[in-house]
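Asks: Just passing along the structure, written as structure tokens.
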Amino acid sequence: MKQLQFLNALGFAGAVSVLVATPAKAQIAQVTAVKLNPTSSGIEVILETIDGKPLQAFTGKYGETFFADIITAQLRLPEGDSFRQDNPAPGIRSIEVTRLDTNSIRVKVIGEADVPTAQVTSQNRGLVVSLSTASGTATQPTSPTREPVTQVQPTQPTSPTREPVTQVQPTQPTSPTREPVTQVQPTQPTSPTREPVTQVQPTQPTSPTREPVTQIQPTQPTSPTREPVTQVQPTQPTSPTREPVNQVQPNRSTSPTVQPPRERPIELIVIAEADETGYRAPSASAGTRTNTPLRDVPQAVQVVPQQVLEDRQVTRVEEAVRSTSGVNPTSSSITTFETFNIRGFESTNILRNGLRDSSNTQIPSETANLERLEVLKGPASVLFGQGSPGGVINVVTKRPLPNPFYAAEFSIGNFSFYRGAIDLTGPLNRSQNSLYRLNASYENSNTFVDFTEIERLFVAPVVSWDISEDTKLTLEGEFIRSSFPNYRGLPAVGTVLPNPNGKIPIERNIAEPNRDFIDNNANRLGYNVEHRFSENWSLRNSFRVTLYSYEQDSFFPSNLEADNRTLTRGYSTGSSGTDNEIMATDLIGNFSTGPIDHKLLVGVELFRENNYKNKFDIGDIAPLDLFNPVYGSPNGDITFSLDNATLTRSAGFYVQDQISIFDKFKLILGGRFDFYEQQLTDKLANTETKQSEDSFSPRVGIVYQPIEPISLYASFSRSFNPTIGTGFNNELFKPETGTQYEVGVKADLLDGRLSSTFAIYQLTRQNVLTPDPRDPNFSIQTGEQRSRGVELDVSGEVLPGLKVIASYAYTDASITEDNALPVGNRLDNVPKHSAGLFATYEIQTGNLRGLGFGLGFFYVGERAGDLDNSFYLPDYFRTDAALYYRRDNFKVGLNVKNLFDIRYYEASNGSLRVFPGAPLTVQATIGLEF
Numbered sequence: 058m059k060q061l062q063f064l065n066a067l068g069f070a071g072a073v074s075v076l077v078a079t080p081a082k083a084q085i086a087q088v089t090a091v092k093l094n095p096t097s098s099g100i101e102v103i104l105e106t107i108d109g110k111p112l113q114a115f116t117g118k119y120g121e122t123f124f125a126d127i128i129t130a131q132l133r134l135p136e137g138d139s140f141r142q143d144n145p146a147p148g149i150r151s152i153e154v155t156r157l158d159t160n161s162i163r164v165k166v167i168g169e170a171d172v173p174t175a176q177v178t179s180q181n182r183g184l185v186v187s188l189s190t191a192s193g194t195a196t197q198p199t200s201p202t203r204e205p206v207t208q209v210q211p212t213q214p215t216s217p218t219r220e221p222v223t224q225v226q227p228t229q230p231t232s233p234t235r236e237p238v239t240q241v242q243p244t245q246p247t248s249p250t251r252e253p254v255t256q257v258q259p260t261q262p263t264s265p266t267r268e269p270v271t272q273i274q275p276t277q278p279t280s281p282t283r284e285p286v287t288q289v290q291p292t293q294p295t296s297p298t299r300e301p302v303n304q305v306q307p308n309r310s311t312s313p314t315v316q317p318p319r320e321r322p323i324e325l326i327v328i329a330e331a332d333e334t335g336y337r338a339p340s341a342s343a344g345t346r347t348n349t350p351l352r353d354v355p356q357a358v359q360v361v362p363q364q365v366l367e368d369r370q371v372t373r374v375e376e377a378v379r380s381t382s383g384v385n386p387t388s389s390s391i392t393t394f395e396t397f398n399i400r401g402f403e404s405t406n407i408l409r410n411g412l413r414d415s416s417n418t419q420i421p422s423e424t425a426n427l428e429r430l431e432v433l434k435g436p437a438s439v440l441f442g443q444g445s446p447g448g449v450i451n452v453v454t455k456r457p458l459p460n461p462f463y464a465a466e467f468s469i470g471n472f473s474f475y476r477g478a479i480d481l482t483g484p485l486n487r488s489q490n491s492l493y494r495l496n497a498s499y500e501n502s503n504t505f506v507d508f509t510e511i512e513r514l515f516v517a518p519v520v521s522w523d524i525s526e527d528t529k530l531t532l533e534g535e536f537i538r539s540s541f542p543n544y545r546g547l548p549a550v551g552t553v554l555p556n557p558n559g560k561i562p563i564e565r566n567i568a569e570p571n572r573d574f575i576d577n578n579a580n581r582l583g584y585n586v587e588h589r590f591s592e593n594w595s596l597r598n599s600f601r602v603t604l605y606s607y608e609q610d611s612f613f614p615s616n617l618e619a620d621n622r623t624l625t626r627g628y629s630t631g632s633s634g635t636d637n638e639i640m641a642t643d644l645i646g647n648f649s650t651g652p653i654d655h656k657l658l659v660g661v662e663l664f665r666e667n668n669y670k671n672k673f674d675i676g677d678i679a680p681l682d683l684f685n686p687v688y689g690s691p692n693g694d695i696t697f698s699l700d701n702a703t704l705t706r707s708a709g710f711y712v713q714d715q716i717s718i719f720d721k722f723k724l725i726l727g728g729r730f731d732f733y734e735q736q737l738t739d740k741l742a743n744t745e746t747k748q749s750e751d752s753f754s755p756r757v758g759i760v761y762q763p764i765e766p767i768s769l770y771a772s773f774s775r776s777f778n779p780t781i782g783t784g785f786n787n788e789l790f791k792p793e794t795g796t797q798y799e800v801g802v803k804a805d806l807l808d809g810r811l812s813s814t815f816a817i818y819q820l821t822r823q824n825v826l827t828p829d830p831r832d833p834n835f836s837i838q839t840g841e842q843r844s845r846g847v848e849l850d851v852s853g854e855v856l857p858g859l860k861v862i863a864s865y866a867y868t869d870a871s872i873t874e875d876n877a878l879p880v881g882n883r884l885d886n887v888p889k890h891s892a893g894l895f896a897t898y899e900i901q902t903g904n905l906r907g908l909g910f911g912l913g914f915f916y917v918g919e920r921a922g923d924l925d926n927s928f929y930l931p932d933y934f935r936t937d938a939a940l941y942y943r944r945d946n947f948k949v950g951l952n953v954k955n956l957f958d959i960r961y962y963e964a965s966n967g968s969l970r971v972f973p974g975a976p977l978t979v980q981a982t983i984g985l986e987f
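Note that the sequence shown covers residues 58 to 987 in the numbering used here.
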């Protein structure tokens, strides 16, 4: 699984498909020896293999560290499963070769003053990483290009394509390009062209291209694909095509008849700066709507990577974000709704691949196709339009991979929990310009609450098509069928408050058996088109339509009688249907004005949501004795009905400039103008109400990086959220606004293996509705609420095999102005102190290699149960644990939540709706990859 996440960094898009390529088992190479060979310019690291099977290497750098990750390979050294040499050559501090995962190996080189120059080649003896430092480099190496892919064949050339051709002396260096990532051998430089195909003598170098993957095959040529191809013939140079050709006389000292050494197949895939496969993610799109390093974003952004989701075996977003500071659920974990408090304010802003969709809070996001979660804290209207001031959660889904991969997983647990999932991906054709991915899962379980059952079916096909070298199309679909209880919790008296009758059992259900459900149906279809005009300018257009409907038959509490045991109840039955469409178009350009670099984002977003059906009948049902329940009462007469429809339209126009000044200063300036209108139709009263408004949301932020691993930042941002209705003078309400000031420090520690963010903020919510003193039947927008806090997040790999994701938050959220509620009251469901820690350690060597242990601690402080502060939810400390074993393509695991079976409460929606947390929960999982 880990090696696949590196391929995801290439940005292959995905889309709808039910096609599945023929399975092909991964070939695992055995690395049996690691040798160091001094050279005139530095040193070579030689990984010797005995089976001659293909290798795949991923290279990257960070700070003074170069790494090469070799996948589909196992480290089988006589002396153990690791190799280390300190100070092996001048300018190089250490060389390490370790097991990264069951079937992957990492070569890590740390330079003394700078990242060493590295070239990765394949020879008969195995994989060779040639290293040199600035003091020992004999010739200039080729500067890598943006994401080059080079296919090299030592004996059989591929027919040239229409790209330009360059013939180069073996001693001519390549001119550097804008985004270097990969470097070739110092004696084989190349002249860079935009996407050339070059045929050269065996002693002549290959020209790097824009997205190189180097495949070297000893006998058979590879058919050219979308990526530029360099073809090598043993004796004949390539004739020039289309573009003009610079021909340089061959070096007289080089014999044109020398045959290159017979080489083993190798594939080099260049990725971004650092490792995204563990608990640390160096970049995200939620902070800027572009793929930007987190240390360059002047706002707190936390990422929950796929590895954390896998190790914790979570199936819901609300559980996944528990390790993120300042984020707390406001609903029960067994209901269909997913809502959160972020920095003290309730947020329903759950995006999917950067596009908003209200159904994300109505149906729990499935984790089967989840790549990672991105949490942007604070106002985000400058990027994503209307929403809560607390922040947004961006759900990033998996994308197709170019190499065939197939995985199946099955889980079983207490409360009759059963879950199965598959993940299939690979190419649809030989040229690999069409890829697919199919994720599917089915889950069925009971819960700790009586008479409740959850059933979920999920299918997510994805297809990507590289239409041309500069244009990519992604089609994506999600099809969801689910059934959840509409769980309403228990009264505060008897749970968090004393009750003379005793404690109400947490398994008590106030609903009628087999008659409480919400059946959801959701179909999402969308596309993403990316076109590159040049190396510096690109256009992205994304569209998605969601068709969502549900049927509901549920029960709710009305009042707790004076005996503190009789609960009066009501019922609600009906259905709702909503269609929404969203389209976003972004133009992204990179340019310079003197010494200042710019990344400009200009975009427009159009949104339409039609809640065409919202029809419900509400009535009373017989009361229930909470301590001696008798079920089976029929529904009473209907006391209230509603039948309405709501149509919402909005348009947003935004501009953002990411400015880099002398590499140490990063400035972000952005603004967005939104216009929206809403039309409410009451079908029973035959009335129609319209409302429209506009709003401007700015953001300004600055980052100062005194040294590369440290970022000091400060920012100002605003948000808006429409408020529907009119006041005493029949004036339309203005949008609620949120204003945030934030300062912080971001640090990359331990040679980039560990990242941390420390933030201090003040966030104010204004134009909050409060009763009008002139007439309490009307509201006036004079209310104000404020949240101040300190947050700390840490994630990454502390030691080889020891990974951690941890957080702490202090949140002081209170009412600062109100006509009904006391000023100073705490906001509900917001703990002043909260912390989370989840860590795993996997044995790296010996017979127990692959055995791992995990431990999680989650502390949530005391919270107000309502805005009146009439009661509080007690604090709790929950412990989770994990035990797993990974070997080759097999894995098995055991996850335990609430290890010590404590009684705790997740959230509250008032004095009659307190949600207990689940008791001890055990889940076993077995999985295969092939």
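Positions of the beta carbon are idealized from the N, C-alpha and C atoms, including for glycine.
Remember, it's a predicted structure, so these values are computed and weren't measured experimentally.
Measure the alpha-carbon distance for Glu-903 versus Arg-565 and round it to whole angstroms.
Replies: Going by the sequence as given, residue 903 is Gly instead of Glu. Near 50 Å, if we compare the C-alpha coordinates of Arg-565 and Gly-903.
Asks: Could you give the first and the last residue of the continuous beta strand (DSSP E) run that contains Ala-130?
Replies: Unbroken beta strand (DSSP E) run through Ala-130: 130 to 132.
Asks: Quick check on the burial criterion: 16 or more other C-beta atoms within 10 angstroms. Buried or exposed for Glu-1051?
Replies: One cannot answer for residue 1051 here, as it falls past the ends of the chain, which runs 58 to 987.
Asks: Are the Cβ atoms of Asn-426 and Asn-496 separated by less than 9 Å?
Replies: Yes, these two residues count as a Cβ contact at 9 Å.
Asks: Any idea if Lys-721 is buried or exposed, counting beta-carbon neighbours within 10 angstroms, 16 or more meaning buried?
Replies: Lys-721 is exposed by the Cβ-count criterion.
Asks: Based on DSSP bridge pairs, tell me the residues matched to Phe-18.
Replies: The structure shown does not extend to residue 18, since the chain is modelled only from 58 through 987, so no value can be given for it.
Asks: Report the rounded CA-to-CA distance for Ser-488 versus Trp-522, giving the unit in angstroms.
Replies: Cα-Cα distance, rounded: 11 Å.
Asks: Would you identify the three-state DSSP class for Gln-363, choosing helix, strand or coil?
Replies: Helix, per DSSP.
Asks: Under 8 Å: do the segment 591 to 609 and the segment 408 to 421 share three or more Cβ pairs, one atom per stretch?
Replies: Yes, the segment 591 to 609 is in contact with the segment 408 to 421.
Asks: Got a sec? Which residues, its chain only, sit under 6 Å from Thr-897 by beta carbon, not counting five neighbours each side?
Replies: Taken in chain order, the residues that qualify are Asp-368, Lys-860, Gly-909 and Gly-911.
Asks: Does the distance from the CB of Thr-418 to the CB of Asn-966 come in under 9 Å?
Replies: Cβ atoms of Thr-418 and Asn-966: not closer than 9 Å.
Asks: Could you say which of Glu-841, Glu-848 and Phe-719 lies nearest to Val-880 if we only look at CA atoms?
Replies: Ranking the options by Cα distance to Val-880, first place goes to Glu-841.
Asks: Rounded to the nearest angstrom, what separates Ser-280 and Gly-117 at their Cα positions?
Replies: Note that Ser-280 scores a pLDDT of 37, beneath 50, so its modelled location is shaky; the value from the coordinates is reported in the next line. Near 27 Å, if we compare the C-alpha coordinates of Gly-117 and Ser-280.
Asks: Between the Cα of Thr-635 and those of Thr-703, Thr-783 and Val-360, spot the shortest distance and give me the residue it belongs to.
Replies: Looking at the Cα atoms, Thr-703 is the closest of the given residues.
Asks: Assign Glu-750 to one of two classes, buried (16 or more other C-beta atoms within 10 Å of its C-beta) or exposed (fewer than that).
Replies: Glu-750 is buried by the Cβ-count criterion.
Asks: Pick helix, strand or coil for Arg-309, following the three-state DSSP scheme.
Replies: Any reading at Arg-309 must be qualified, since the residue scores a pLDDT of 35, below 50, and its modelled position is unreliable; the value itself is stated next. The answer is coil: DSSP assigns Arg-309 none of H, G, I, E or B.
Asks: If contact is defined by three or more beta carbon pairs under 8 Å, each pair taking one atom from either stretch, is the segment 462 to 476 in contact with the segment 976 to 986?
Replies: Result yes; three or more Cβ-Cβ pairs closer than 8 Å.
Asks: Roughly how many angstroms lie between the CA atoms of Leu-956 and Ser-606, to the nearest whole one?
Replies: Their Cα atoms are separated by approximately 37 Å.
Asks: What does DSSP give as the partner residues of Val-550 in its beta bridges?
Replies: Answer is Leu-554, bridged to Val-550.
Asks: Assign Leu-604 to one of three DSSP states: helix, strand, or coil.
Replies: In this structure, Leu-604 counts as strand in the three-state DSSP scheme.
Asks: According to DSSP, simplified to helix, strand and coil, what is Phe-441?
Replies: In this structure, Phe-441 counts as helix in the three-state DSSP scheme.
Asks: Would you list the residues sitting across from Glu-587 in a DSSP beta bridge?
Replies: Per DSSP, Lys-529 and Arg-597.
Asks: So the alpha helix (DSSP H) Val-374 belongs to, where does it begin and stop?
Replies: Per DSSP, Val-374 belongs to the alpha helix (DSSP H) from 374 to 377.
Asks: Give the secondary structure of Arg-141 by DSSP, where H, G and I count as helix, E and B as strand, and everything else as coil.
Replies: Arg-141: strand per DSSP, three-state reduction.
Asks: Would Pro-557 be called buried (16 or more neighbouring beta carbons within 10 Å of its own) or exposed?
Replies: Pro-557 should be labelled exposed.
Asks: How far does the beta strand (DSSP E) with Pro-518 in it extend, from its first residue to its last?
Replies: Here the beta strand (DSSP E) through Pro-518 covers 510 to 523.
Asks: Locate the beta strand (DSSP E) running through Thr-625, then write down its first and last residues.
Replies: Here the beta strand (DSSP E) through Thr-625 covers 623 to 650.
Asks: Flag Ala-170 as yes if its beta-carbon sits less than 9 Å from any beta-carbon of chain C, otherwise no.
Replies: Absent from the structure is chain C; it holds one protein chain and no more.
Asks: Where do the ends of the beta strand (DSSP E) carrying Asn-824 lie?
Replies: Where Asn-824 is concerned, the enclosing beta strand (DSSP E) stretches over 811 to 829.
Asks: In this structure, what does DSSP give as the bridge partners for Lys-948?
Replies: According to DSSP, which records beta bridges pairwise, Lys-948 is partnered with Arg-943 and Gly-984.
Asks: In chain order, what residues of the same chain lie with their CB nearer than 8 Å to the CB of Tyr-942, ignoring the 5 residues before and after it?
Replies: Here the set comprises Gly-907, Leu-908, Gly-909, Lys-948, Val-949 and Gly-950.
Asks: Whole angstroms is fine: what's the gap from Val-354's alpha carbon to Gly-559's?
Replies: Distance between the alpha carbons of Val-354 and Gly-559: 52 Å.
Asks: List the endpoints of the continuous beta strand (DSSP E) containing Ile-718.
Replies: Taken as a continuous stretch (DSSP letters only), the beta strand (DSSP E) holding Ile-718 covers 692 to 718.
Asks: Is Glu-750 helix, strand or coil by DSSP?
Replies: In the structure shown, Glu-750 sits in a strand (DSSP, three-state: E or B).
Asks: By how many angstroms is the C-alpha of Ser-179 removed from the C-alpha of Ile-273?
Replies: At Ile-273 the pLDDT is 36, less than 50, meaning the model places this residue with poor confidence and gives no usable figure here.
Asks: May I ask you to report which of helix, strand or coil DSSP gives Asn-955?
Replies: Here Asn-955 sits in coil by DSSP.
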